[in-house]
Amino acid sequence: MADSLQPPVWTTITDAAAPALASRLRFPVRVREATPDGRIGLPALADLCQEAAAANADRFGEGLADTMARGGVWVLNRARYALRRYPRLGETVSVETWPGAVERRGAVRHYRLAVEGGGVVGAAVSVWSLFDLATRRPLAHPDAVLRALPAPGPALLPAPAVPAPLPADAVAATARYPVHPAQVDVYGHVNHTHLVAWALGEAGAVTAAPFQPDELIIAFRGECPPHGVIEARRDAGTGGRVRSSLVTAAEGRDIVRAAALYGHPGGDTAAPIA
Numbered sequence: 001m002a003d004s005l006q007p008p009v010w011t012t013i014t015d016a017a018a019p020a021l022a023s024r025l026r027f028p029v030r031v032r033e034a035t036p037d038g039r040i041g042l043p044a045l046a047d048l049c050q051e052a053a054a055a056n057a058d059r060f061g062e063g064l065a066d067t068m069a070r071g072g073v074w075v076l077n078r079a080r081y082a083l084r085r086y087p088r089l090g091e092t093v094s095v096e097t098w099p100g101a102v103e104r105r106g107a108v109r110h111y112r113l114a115v116e117g118g119g120v121v122g123a124a125v126s127v128w129s130l131f132d133l134a135t136r137r138p139l140a141h142p143d144a145v146l147r148a149l150p151a152p153g154p155a156l157l158p159a160p161a162v163p164a165p166l167p168a169d170a171v172a173a174t175a176r177y178p179v180h181p182a183q184v185d186v187y188g189h190v191n192h193t194h195l196v197a198w199a200l201g202e203a204g205a206v207t208a209a210p211f212q213p214d215e216l217i218i219a220f221r222g223e224c225p226p227h228g229v230i231e232a233r234r235d236a237g238t239g240g241r242v243r244s245s246l247v248t249a250a251e252g253r254d255i256v257r258a259a260a261l262y263g264h265p266g267g268d269t270a271a272p273i274a
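So in the UniProt record's numbering, the last spot in the sequence shown is 274, and the numbers never skip.
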């Protein structure tokens, strides 16, 4: 299956030497980011990764201000997050990030997450695509920009493929999320961190902690517009695996596919998402 990946190798992740171009940002876990058990949720960690990526991209001329001045922005195409422990309220998270390899139409980025005084707790990899603000479509010819990106640093996780679509007999709709104006970001669409939350929120029948999966693979297949309603659909498989999709209620347009794994801590010996 497209969402099958081998588990993270934590020794490789921990020992990888960060390149000179890497950035490291530190964030305390805030009250509003902690779930009822005191741990930060993955949507908040995805937000920290987003902030760290933006700061790092500024270092080589691909930050928000630079790209918007050229009429385009980098938008998240797909991502994989792997955690062996979720930081708790009162702890400080450091997010280290650097550019990775270049795909045919996208740029890969790696992240290493640690708790100050507690070592490495997670890793992530994301693939970003150039988006034309005028047409609201992927940039037709990104080759020149992609060729000019910095040399890649070490890979911590392989970039994921797009998760497979839900089977025909999956739950038709398990939740509906009206878009709130506060969820719309500077690009004029719902920020991907809210989509992560909506995709994970439908795992509540499988786990008591839906926002703390061991792993998540998520692909963003279209914009979530600043209006309307999003429907979440879910297929709970075996072994703690939950696949979900987000579609626009009005058109039934598929905008997110996700696959999460719960209950398999341990990294090197954990089962792959399948």
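Glycine included, every Cβ here is placed at the ideal spot set by N, Cα and C.
{"Check": "Alpha-carbon to alpha-carbon, residue 153 and residue 19", "Outcome": "6 angstroms"}
{"Check": "Coarse secondary structure for residue 96, derived from DSSP in three states", "Outcome": "strand"}
{"Check": "The alpha helix (DSSP H) enclosing residue 144, as first and last residue numbers", "Outcome": "143-147"}
{"Check": "Nearest candidate by alpha-carbon position, reference residue 53, set 36, 8 and 107", "Outcome": "107"}
{"Check": "CA-to-CA distance, residue 55 to residue 209, given in whole angstroms", "Outcome": "30 angstroms"}
{"Check": "Spatial distance of residue 129 from residue 202 (CA atoms)", "Outcome": "27 angstroms"}
{"Check": "The stretch 95-102 in contact with the stretch 21-39 per 3-pair CB rule at 8 angstroms", "Outcome": "yes"}
{"Check": "3-residue-minimum beta strand (DSSP E) runs that sit fully inside the stretch 6-33, ordered along the chain", "Outcome": "23-28"}
{"Check": "Environment of residue 257 [buried if 16+ CB atoms lie within 10 Å]", "Outcome": "buried"}
{"Check": "Exposure of residue 273, with buried meaning 16 or more beta-carbon neighbours within 10 Å", "Outcome": "Any answer about residue 273 is weak, because its pLDDT of 43 lies below 50 and its placement is not dependable; what the coordinates show is given next. Burial call: buried."}
{"Check": "Sequence-distant residues of the same chain with beta carbon closer than 6 angstroms to residue 159, five excluded per side", "Outcome": "108, 125 and 127"}
{"Check": "Rounded separation between residue 28 and residue 89 - CA only", "Outcome": "8 angstroms"}
{"Check": "Nearest residue (CA-CA) to residue 16, options 113, 136 and 118", "Outcome": "113"}
{"Check": "Cβ shell of residue 196 (< 7 angstroms), same chain only, five flanking positions each side left out", "Outcome": "42, 43, 46 and 218"}
{"Check": "For residue 238, the nearest candidate out of 57, 261 and 251 (CA to CA)", "Outcome": "261"}
{"Check": "Burial state of residue 6 (16 or more Cβ within 10 Å)", "Outcome": "exposed"}
{"Check": "Separation of residue 78 from residue 268, as counted between CA atoms", "Outcome": "For residue 268, the pLDDT reaches just 37, beneath the cut-off of 50, and the residue's location in the model is therefore unreliable, although a value from the coordinates is still provided. C-alpha separation (whole angstroms): 23 angstroms."}
{"Check": "Residues near residue 223 by beta carbon distance below 6 angstroms, same chain, minus five either side", "Outcome": "189"}
{"Check": "Where residue 156 falls: helix, strand or coil (DSSP)", "Outcome": "coil"}
{"Check": "Best match in 142, 211 and 229 for proximity to residue 71 [C-alpha to C-alpha]", "Outcome": "142"}
{"Check": "Beta strand (DSSP E) segments (min. 3 residues) lying fully within the UniProt domain \"Acyl-ACP thioesterase N-terminal hotdog\" (26-145)", "Outcome": "72-83, 92-102, 107-115 and 119-132"}
{"Check": "Secondary structure of residue 165, DSSP reduced to three states", "Outcome": "coil"}
{"Check": "Proximity test, residue 35 beta-carbon vs the ligand MN heavy atom, cut-off 6 angstroms", "Outcome": "Among the components modelled here there is no ligand, and therefore nothing to report on the ligand MN."}
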